[in-house]
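J.:
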Amino acid sequence: MRVLVAMSGGVDSSVAAALVAEQFGRHQVVGATLKLWGGSSDSGCCSIGDVEDARRVADQLGLVHHVFNFAAAFEDRVVAPYVRGHAEGRTPNPCIECNRHLKFDRLLVRARTLGFDVVATGHHARRRVTAKGRFRLCRGADPLKDQSYVLAMLGQDQLARTLFPVGEMTKAQVREEAARLGLRTATKPDSQDVCFIRSDEGRVGFLGSRLPLHAGRLVDHESGDDLGPVEAVELVTVGQRRGMGHSSDGRRRFVTAVDVPARRVSLGPPEAAHADEVRLHTVTWVDNGPDMPGGNHGNASGAGMGAIAQCSAHGQPVSSVVHSDADGLTVSFSTPQRRIAPGQTVALYDPDHPETVLGSGIAW
Amino acid sequence: MRVYLDHAATAPMAPEAVEAMLPYLSGRFGNPSGSHRESRQARRAVDDAREQIALLLGADPSEVVFTSGGTEADNLAVVGGWEAVAATRPSPPALVCSAMEHHAVLHTCRALARRTGAALREVRSGKDGIVDLEALAEACMPDVGLVSVMTVNNEIGTVQPMDAVASVVRSRSSMAVLHTDAVQAVPWLDAGASTAPADLVAVSAHKFGGPKGVGALVVRHPTTIHPLIHGGGQERERRSGTHNVAGIVAMAAALSATHSARPDTVRRVTALRDRLGDGLLTSVAGSTETGAREHKTAGHLHLRVAGVEGEALVVLLDEAGVSTSAGAACSSGAVEASHVLASMGLGPDEAASGIRFSLGPSTTGEHIDHALAVVPDAVAQLRD
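Sequences listed follow chains A and B, in order.
Residue numbers for the first sequence follow this note's numbering, so the first one is 1 and each next one is one higher.
Residue numbers for the second sequence follow this note's numbering, so the first one is 1001 and each next one is one higher.
#1: Return the first residue and the last residue of the alpha helix (DSSP H) that residue 112 (chain A) is part of.
#2: At a cut of 8 Å, does the stretch 1170-1177 of chain B reach the stretch 1238-1251 of chain B through at least three beta carbon pairs?
#3: With 8 Å set as the bound, which would you pick, yes or no: does the beta-carbon of residue 1335 (chain B) sit closer than that to a beta-carbon of chain A?
#4: In this structure, how does DSSP classify residue 42 (chain A) when only helix, strand and coil are distinguished?
#5: Classify residue 1019 (chain B): buried if its beta carbon has 16 or more other beta carbons within 10 angstroms, exposed otherwise.
#6: So which residues of chain A does residue 1311 (chain B) contact, with C-beta pairs closer than 8 Å?
#7: Got a sec, what are the start and stop residues for the alpha helix (DSSP H) residue 82 (chain A) sits in?
#8: How many Å lie between residue 1048 (chain B) and residue 57 (chain A) at the Cα?
#9: Taking residue 123 (chain A) and residue 167 (chain A) to be in contact with their CB atoms under 8 Å, please state how far apart those CB atoms are, rounded to whole angstroms.
#10: Between the stretch 1315-1322 of chain B and the stretch 1076-1086 of chain B, do three or more beta carbon pairs fall short of 8 Å?
#11: Determine the burial state of residue 1217 (chain B): buried for a count of at least 16 other Cβ atoms within 10 Å of its Cβ, exposed for fewer.
#12: For residue 1317 (chain B) and chain A, any beta-carbon pair shorter than 8 Å?
#13: For a quick check, are the C-beta atoms of residue 308 (chain A) and residue 348 (chain A) less than 8 Å apart?
#14: Quick one: what's got a C-beta closer than 7 Å to residue 1208 (chain B)'s C-beta in the same chain, skipping five residues either side?
#15: Let me see if you follow: with CB-CB separation under 8 Å, is residue 110 (chain A) close to chain B or not?
#16: Quick one: is residue 1155 (chain B) buried, meaning 16 or more other Cβ sit within 10 Å of its Cβ, or exposed?
#17: Contact check, residue 197 (chain A) vs residue 150 (chain A) under 8 Å by CB: the rounded distance?
#18: Quick check: what's the CA-CA separation for residue 220 (chain A) versus residue 88 (chain A)?
#19: Starting from residue 1258 (chain B), trace the alpha helix (DSSP H) in both directions and tell me its first and last residue.
#20: Verify whether the separation of the beta carbon atoms of residue 1070 (chain B) and residue 1215 (chain B) is less than 8 Å.
#21: Would you call residue 104 (chain A) buried or exposed, if buried means 16 or more other Cβ atoms sit within 10 Å of its Cβ?
#22: Taking residue 153 (chain A) and residue 360 (chain A) to be in contact with their CB atoms under 8 Å, please state how far apart those CB atoms are, rounded to whole angstroms.
#23: Which residues share a DSSP beta bridge with residue 281 (chain A)?
#24: Can the beta-carbon of residue 178 (chain A) be found closer than 8 Å to that of residue 8 (chain A)?
#25: Mind checking who residue 138 (chain A) pairs with in its DSSP beta bridge?
#26: With distances taken Cα to Cα, identify the nearest neighbour of residue 1105 (chain B) among B:1213, B:1119, B:1162, B:1076.
#27: Is it true that the stretch 240-257 of chain A meets the stretch 312-328 of chain A, where meeting means three or more beta-carbon pairs spaced less than 8 Å apart?
#28: Based on Cα-Cα distance, which residue from B:1122, B:1299, B:1130, B:1336 lies nearest to residue 1138 (chain B)?
#29: Could you check if residue 187 (chain A) is buried or exposed, using at least 16 other CB atoms within 10 Å of its CB as the buried criterion?
#30: Using the DSSP secondary-structure output, state which residues sit across from residue 331 (chain A) in a beta bridge.
#31: Given this structure, state the Cα-to-Cα distance separating residue 41 (chain A) from residue 86 (chain A), to the nearest angstrom.
#32: Report yes or no: do three or more beta-carbon pairs, one from the stretch 1048-1066 of chain B and one from the stretch 1096-1111 of chain B, lie closer than 8 Å?
#33: Could you give the DSSP three-state label for residue 117 (chain A): helix, strand or coil?
#34: In chain A, which residues lie less than 9 Å from residue 1381 (chain B) when you measure between Cβ atoms?
#35: Would you list the residues sitting across from residue 77 (chain A) in a DSSP beta bridge?
#36: On the premise that residue 10 (chain A) lies in contact with residue 199 (chain A), defined as a C-beta separation below 8 Å, what is that separation, rounded to the nearest angstrom?
Put into structure tokens, the structure is as follows:
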């Protein structure tokens, strides 16, 4: 089996590369680093320094290493939609879109055309194969580092050609293994934040350089009373609390809605910032075969299907019922959740096997 | 079998060059700027090399400025040449360059324009890979201080009409200095004749059998340049720093070997290149040659293969034993989208489908046979 291992220059993918090299033999394994971002970046996974780390780890492991320039596709499929989303009052998750369109689409296609059977990545998630040969996507062994949320859009086609070699390990074990092998990335800090946004400019600076930002008004979500100015409506996210002040009774205020064209941000008390349900589009299922858990989404049309919803990368899973309709899904929470900003992804897990991803969707 | 078809990126060193430099890496270690026997020995070597190089580049020895390579020579020409003109003008003169210049020129022009507020006009090329002379004439207004047009394009190998370029520049931009990046020209063209119309000429040793890390800028009288690197005042105050004696000696040896073998090399490599090009255009459906072959150097073949990404093809060919290149390599090893193909009006997908085969003096008929055998299979696999 020939394996293309995606090496970001971080410790997880370094160890993933070491593990597949050991398992399949180094002549069966080639490392690849994606150059995704043409601009400057310091917090991400494709700076020159990161490429160098990936290359030097590959050298150490005796692997051939390539750099693939996917910057144009990254701009089209990740960065531009991220900017457009903010311009329209949505908050897309760029990591998920990168996984959807780059790592588990462009890269899988590139790997296949180059004659590789699978792509291995350093994600903390687990792939399982059922007795019937169907693929399951499960949470990584380390609950604090689990990345199944950002992979929840994967389906059978992608999982059939993907390996997650570090999914069974905790982060501490990954670092121990890297140290044992003497890999230069053993103590490298985890990547943070959005990879194409520099820490010194931040989200405000980045979006400000790409978008005309508009001042707007804060209003009460019920009465419509004016509550003051806001510097840039494009930078406000539904559910946000920071910078929104307090109401006259001293309670914190939350963003309940962002209307960019009207330059208006609605604020409400905590209970208004929570919702009983969220509606999803761009719905995906890990497995929609007839007798598979995701296949039960057929059940979601009637009485609904039980699911555990997770609304952010490290959000608390919440027991839910899912109904499907022509537009997508409605996820009803057992207890109200902080409002999900439009554009954010909700991952659904199996209530009977809470480690197992059923599917995903993007909040309207 | 390993088939190296990336000579435009770098070429193996000529044995003459290796032999010439070795003594200067051991016993003859002197600093040419001193005043004792070791220094005299080293200075003599640099002076000899300078005369030899000047002769073969059609220049006077005093016009040759040694640099650390082609990129430094281009930087020195663009910045130093422009600054010398700007020093005589009340406001920053404009810059003109072809849009297909190597990044060593293009990015230098852009940085200089950004820093000084000088206008920069980038001139498109035609589908034939030749700079558009009408567009050049439009750009060459009286305010221009420096024009840069490469002698041979590095990606597609087209030879630019330097005489016509020079006559446009001289007739329209009277104060402009004309620079040409001749890095890709030296292996294939008579460097003196092909660069004669230019005031500044950049060359790089490792493209013609010399070592990496050494090059030269010809600064033709009466053109002057301002230095970029200050210090001991070497190279007549135009480029300070202790001479790379071994590199300079080896560059002279490589240039001399290239020059004497050139007629034979060009004849032989042209036949090999034509066989490779004609063969691939026949055996690879949907392949198109970029630029007109009659305008190209002997060593260059650039194809666009419909529906195939050059970046992926390079990887497969590498596994099949053939070293090629797609676009310009950036520092990370990724392939940059080709600004050269864009300058010819090709769209992004078409530009991404490009692959360059660049032959050299050591390319053999067997190498071409091997490439002809493996390229169609690699293309088929990518289209599968």
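Note that the Cβ used here is the ideal one computed from N, Cα and C, for glycine as well.
Predicted, not measured: the structure shown is a model, and the values here were computed from it.
T.: According to the structure data:
#1: 107-113
#2: no
#3: With its beta carbon less than 8 Å from one in chain A, residue 1335 (chain B) belongs to the interface.
#4: Only weak support is given to the placement of residue 42 (chain A): the predicted model assigns it a pLDDT of 46, under 50, and the value that follows is read from those uncertain coordinates. DSSP places residue 42 (chain A) in coil when its eight states are reduced to three.
#5: Classification of residue 1019 (chain B): exposed, given that the 10 Å Cβ count is below 16.
#6: 68, 69
#7: 80-87
#8: 46 Å
#9: 7 Å
#10: no
#11: Buried.
#12: Not an interface residue.
#13: Against a cut-off of 8 Å, the Cβ pair of residue 348 (chain A) and residue 308 (chain A) comes out as a contact.
#14: 1011, 1186, 1187, 1254, 1255, 1258
#15: yes
#16: Around the Cβ of residue 1155 (chain B), a 10 Å sphere holds 16 or more other Cβ atoms; the residue is buried.
#17: About 17 Å separates the two Cβ atoms, so there is no contact after all.
#18: 21 Å
#19: In this chain, the alpha helix (DSSP H) harbouring residue 1258 (chain B) covers 1245-1283.
#20: Closer than 8 Å, so yes.
#21: buried
#22: 5 Å
#23: For residue 281 (chain A), the pairing in a beta bridge is given by DSSP as A:362.
#24: no
#25: Answer is A:126, A:356.
#26: B:1076
#27: no
#28: B:1122
#29: By the 10 Å Cβ count, residue 187 (chain A) comes out exposed.
#30: A:278, A:322
#31: Reliability of the predicted coordinates at residue 41 (chain A) is poor, the pLDDT of 49 falling under 50, and the value obtained from them is presented with this limitation in mind. Between residue 41 (chain A) and residue 86 (chain A), the C-alpha separation is close to 20 Å.
#32: These segments do not touch.
#33: coil
#34: 113, 114, 115
#35: As far as DSSP is concerned, residue 77 (chain A) takes part in no beta bridge.
#36: The pair is not a contact, with the Cβ atoms about 17 Å apart (cut-off 8 Å).
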